[in-house]
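Visitor:
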Amino acid sequence: MPRHATALSALCLLLAPGLLSAESLDQRIDGWVTPLANMVERIILFPLPIPGSEANVPFVVAWLVIAAVVFTFYFRFINLRGMGAGFRLVRGDYNDPRAAGEVTHFQALATALSGTVGLGNIAGVAIAVSIGGPGAVFWMILAGFLGMTSKFTECTLGVKYRQENPDGTVSGGPMYYLSRGLAEKGPGFARLGKVLAVVFAIFCVGGSFGGANMFQSNQSFQQVMGITGGEASWWADKGWLFGLILAFFVALVIIGGIRSIARVTAKIVPVMAVLYITAGLVVIGVHIDQVPAAFALIITSAFGVQSVAGGALGVLAIGFQRAAFSTEAGIGSAAIAHSAVKTRHPASEGLVALYEPFIDTIVVCTITALVIIISGMWVEGAGMSGVELTSSAFESAISWFPYVLALAVVLFAYSTMLAWSYYGLKCWTYLFGETRRMEITYKLLFLFFVVAGATMHLTAIIGFSDAMILAMAFPNLLGIYFLLPVVRREINKYWQKYKNDELPRFQHGVRVK
Amino acid sequence: MHGKILVGLDGTEGGDRALDAAEKHARAAGMAVTICYVIPWSPFSFSTPEENAMRHKRREEELETAENKILKPRREKLEADGMLVDSIARHGHPAKTLVALADELEAEMIVVGRVGDTPMKTRLFGGTAAALVQMAPCPVLVVP
């Protein structure tokens, strides 16, 4: 394991001279990382041909969707049934004042959301529309809806099998439910669980470098370059500089331990999210007469054969893939954030987690998609993709919005990076032990990828990011299939109490029932 | 069964003046005193994953500090003076928590100090004392 660290720091050193010798630094870094990214992408996004069609669906996407469908039926549409209960839990109806000061359902949800709301939704929808047409949005929303059940399942398990450390802190997530949960099923399963936990942790570290890091820094750089004049911008060939600045701010928090910055970010991000949703609603409101047509377009092109390469099934594959990246449902990341909640009923946190894909994919994606389609930018601005497309769509209605969006994108990216640096770190220390040296090694690597991300081209980034994050779904969902009966017991137990109104309820800190 | 007077402390001198006043009233009326220290906290605040993982530990530490630094010395002093006294530390919104506690303990009176909040904060959000007067289920004595 130290060998691993040395090898990587050697790579960093090799790269340093390249960084210092001027001219096309960006191309150099790009040229170095792209082949690697392509290789990883080819392995993990192995395309499965869809019978009777020319389209392909990456194996991992099929894996995610099948699991979400199976879970949704297995839990008899808990994603619909559970929303009322989830809302009351988030609202604090069951917050016992004697447990005041512990992590509440609201806080766990908000923390998890700050890790997922962001580029996946803003850029993801734009990518889906630009390569799959408006129809992809329909499949994205459907995937978000099914993904709610995956989130429910993994977050219930996250709380159920979290580890309460002797020092009073809590560790949770797929590493823990895979190893501890499967261990309950016998020695054979215990071995499988350990292997799955390790594989998950490896992929999670990769994901924290890829989609949660390089993709974020890449997209925020594109956005900043875009509003400062595009190709003619002073920033145009200075991705490395932008990356260094961003890395500096990440370092302040993760290495410098400056909590106040993290705390301020945690407060600003929800404000930006509300601002984004409001702006989207304003644009939609102004063009309310076009909304029915936009919805019609989404639905007809979802089933229309003419739309893009691969026909209707190709559109479906694109929509599902972007949704998987946007919700992270089935990926396992959210279970790490949700497991710190204070509750005696693991299933209650699962019900709260339903709101994560709901807000971040169904609500935000629908709004973004409507703005893009109403603006017509997806047709006119052919060639535009990612945040650039979303930005110009908003610009056509609110001329100054790109500046706000740029700020939002950078902040979303920043908060996603901070959240994921924590997820990645937890997995890294799960693998290598919680020593100070290991922690600092991880953090330095993380910072390196911030810089690398800002210098690469979007296509290379998307492939690699998708691959690393989505790969987490293999060990995670495989283990979850075996743990489904555990989740069923938990939800049945809780649901019965909830239905019979046996759970103590509180209002203004006073017990009302 | 003695009636109870609930005293809200905030670690300032104003809180101690409130405690003195409460002691006087309790002695005169033959009532017990419950000293309360509210640790400011909201269930709807935003936090980082790292903070959440540490939360349980931090909470224990906060409660312990409140007990050792604020509640215990005052409780022991009143006990030594022959008063019937207990104490409680709880996280929450200062005024709302005191109201909930007054309900829970069926307190006959709440006593708080007036100072504690800065004038700016009082103007923006309303002071704890003013909020208590609005919401309390029992008489409120505000000590200057």
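Chain order of the listed sequences is A and B.
Those letters in the first sequence? Residues 1 to 513, by the numbering used here.
Those letters in the second sequence? Residues 1001 to 1144, by the numbering used here.
Backbone N, C-alpha and C define an ideal beta-carbon position, used for all residues, glycine too.
The model shown is predicted, which means the values in this text are computed figures rather than measured ones.
#1: Under 7 Å Cβ-Cβ, which residues of chain A neighbour S1087 of chain B?
#2: Taking A514 of chain A as the reference, which of A:L80, A:G479, A:I318 has the closest Cα?
#3: If contact is defined by three or more beta carbon pairs under 8 Å, each pair taking one atom from either stretch, is the segment 82-90 of chain A in contact with the segment 353-360 of chain A?
#4: Would you call the segment 487-504 of chain A and the segment 1069-1082 of chain B in contact, with 3 or more CB pairs under 8 Å?
#5: Is the Cβ of D237 of chain A closer than 9 Å to any Cβ of chain B?
#6: Taking a cut of 9 Å between CB atoms, which residues from the segment 1052-1071 of chain B lie near chain A?
#7: List, in order along the chain, the chain A residues whose C-beta lies closer than 8 Å to that of K1096 of chain B?
#8: Provide the residue(s) that pair with P1040 of chain B in DSSP beta bridges, ordered along the chain.
#9: For a contact meaning CB atoms closer than 8 Å, what does I1039 of chain B contact in chain A?
#10: Starting from the Cα of N218 of chain A, find the closest Cα among A:A201, A:I202, A:I245, A:L157 and give me that residue.
#11: Within this structure, are the beta carbons of V159 of chain A and E41 of chain A separated by less than 9 Å?
#12: For a cutoff of 9 Å on Cβ pairs, would you count H1025 of chain B as touching chain A?
#13: Compare the Cα-Cα distances from R505 of chain A to each of A:Q163, A:R88, A:L48, A:F59 and report the closest residue.
#14: Below 9 Å between beta carbons: does that hold for A588 of chain A and M140 of chain A?
#15: Beta carbon of V1038 of chain B, beta carbon of G1113 of chain B: below 9 Å?
#16: Please state the DSSP three-state secondary structure of L1098 of chain B.
#17: Please report the residue range of the beta strand (DSSP E) in which K1004 of chain B lies.
#18: Taking a Cβ distance cut-off of 7 Å, strictly less, list which residues of the segment 1004-1016 of chain B are near chain A, in chain order.
#19: Kindly say whether P1043 of chain B, judged by its beta-carbon, lies nearer than 9 Å to any beta-carbon of chain A.
#20: What's the gap between the Cα of R436 of chain A and the Cα of V512 of chain A?
#21: Anyone know if the C-beta pair for L370 of chain A and I284 of chain A falls short of 9 Å?
#22: For the 8 Å Cβ check, are there 3 or more pairs between the segment 469-487 of chain A and the segment 272-283 of chain A?
#23: Quick one: Cα of A413 of chain A to Cα of A262 of chain A, how far?
#24: Between the Cα of M468 of chain A and the Cα atoms of A:V57, A:D93, A:L389, A:E328, which residue gives the shortest distance?
#25: What are the start and end residues of the alpha helix (DSSP H) that includes V199 of chain A?
#26: Along chain D, which residues have their Cβ under 7 Å away from the Cβ of P270 of chain A?
#27: According to a CB-to-CB cut-off of less than 8 Å, which residues of the segment 402-421 of chain A neighbour chain B?
#28: If I'm right that C1036 of chain B touches G1008 of chain B with Cβ under 8 Å, what's the distance once you round it to whole angstroms?
#29: Taking the alpha-carbon positions, what's the A247 of chain A to V451 of chain A distance?
#30: Using the beta-carbon count (16 or more within 10 Å), is T228 of chain A buried or exposed?
#31: List the residues of chain A whose Cβ lies closer than 7 Å to the Cβ of A1100 of chain B, in chain order.
#32: Which whole-angstrom value describes the C-beta separation of V1085 of chain B and V1140 of chain B, a residue pair presumed to lie in contact below a C-beta threshold of 8 Å?
#33: Rounded to a whole number of angstroms, what is the C-alpha to C-alpha distance between I202 of chain A and S391 of chain A?
#34: Using a Cβ-Cβ distance under 9 Å, would P1139 of chain B count as near chain A?
#35: Are the segment 209-225 of chain A and the segment 402-417 of chain A in contact at 8 Å, needing three or more beta carbon pairs?
#36: Closer than 9 Å by beta-carbon distance: list the chain A residues that pair up with G1092 of chain B, in chain order.
Guide: According to the structure shown:
#1: Here the premise fails: no neighbours, minimum Cβ distance about 15 Å.
#2: For chain A, the structure presents residues 1 to 513; residue 514 of chain A sits outside this window and is missing.
#3: By the C-beta criterion, the segment 353-360 of chain A is judged to be in contact with the segment 82-90 of chain A, since at least 3 inter-stretch pairs fall below 8 Å.
#4: Judged by pairs of C-beta atoms under 8 Å, the segment 487-504 of chain A does not touch the segment 1069-1082 of chain B, as fewer than three such pairs exist.
#5: Any Cβ of chain B closer than 9 Å to the Cβ of D237 of chain A would place that residue at the interface, and such an atom is absent.
#6: Of all residues in the segment 1052-1071 of chain B, the ones placed with a Cβ closer than 9 Å to any Cβ belonging to chain A are N1052, A1053, M1054, R1055, H1056, K1057, R1058, R1059, E1060, E1061, E1062, L1063, in chain order.
#7: Neighbours of K1096 of chain B on chain A, chain order: H508, G509.
#8: For P1040 of chain B, which the question treats as bridged, DSSP gives the partners B:G1092.
#9: Using a Cβ-Cβ cut-off of 8 Å, I1039 of chain B is close to G101 of chain A, given in chain order.
#10: The shortest C-alpha separation from N218 of chain A is found at A:I245.
#11: No, they are not a contact pair.
#12: Not flagged as an interface residue toward chain A: H1025 of chain B, since no C-beta distance is shorter than 9 Å.
#13: Taking only the C-alpha atoms, the option nearest R505 of chain A is A:R88.
#14: Any answer about residue 588 of chain A is impossible in this case: the structure gives chain A only from 1 up to 513.
#15: Judged by beta-carbon spacing, G1113 of chain B lies beyond the 9 Å limit of V1038 of chain B, meaning their Cβ atoms are not closer than that value.
#16: Note: L1098 of chain B maps to helix in three-state DSSP.
#17: Here the beta strand (DSSP E) through K1004 of chain B covers 1004-1009.
#18: Cβ contacts with chain A: none found.
#19: Yes, P1043 of chain B lies at the interface with chain A (some Cβ there is under 9 Å from its Cβ).
#20: Using only the alpha carbons, I get a separation of about 48 Å.
#21: Taking 9 Å as the Cβ cut-off, L370 of chain A and I284 of chain A qualify as a contacting pair.
#22: Under the three-pair Cβ rule at 8 Å, the segment 469-487 of chain A does not count as touching the segment 272-283 of chain A.
#23: Going by the C-alpha atoms only, they are around 13 Å apart.
#24: Taking M468 of chain A as reference, the option from A:V57, A:D93, A:L389, A:E328 with the minimal CA-CA separation is A:E328.
#25: Boundaries of the alpha helix (DSSP H) around V199 of chain A: 187-209.
#26: Here chain D cannot be found, since the structure's protein chains are A and B.
#27: Cβ contacts with chain B: L418, A419.
#28: Yes, C1036 of chain B and G1008 of chain B are in contact; Cβ-Cβ is about 6 Å, under 8 Å.
#29: Rounded to the nearest angstrom, the two C-alpha atoms are 7 Å apart.
#30: Flag for T228 of chain A reads exposed.
#31: Residues of chain A passing the Cβ test: P97, H508, G509, V510.
#32: Going by Cβ atoms, the distance from V1085 of chain B to V1140 of chain B rounds to 20 Å, so no, they are not a contact pair.
#33: I202 of chain A and S391 of chain A: Cα-Cα distance of roughly 35 Å.
#34: Answer no: the Cβ-Cβ gap between P1139 of chain B and chain A never drops below 9 Å.
#35: A contact exists between the segment 209-225 of chain A and the segment 402-417 of chain A.
#36: The contacting residues are P97, A100, G101, G509.
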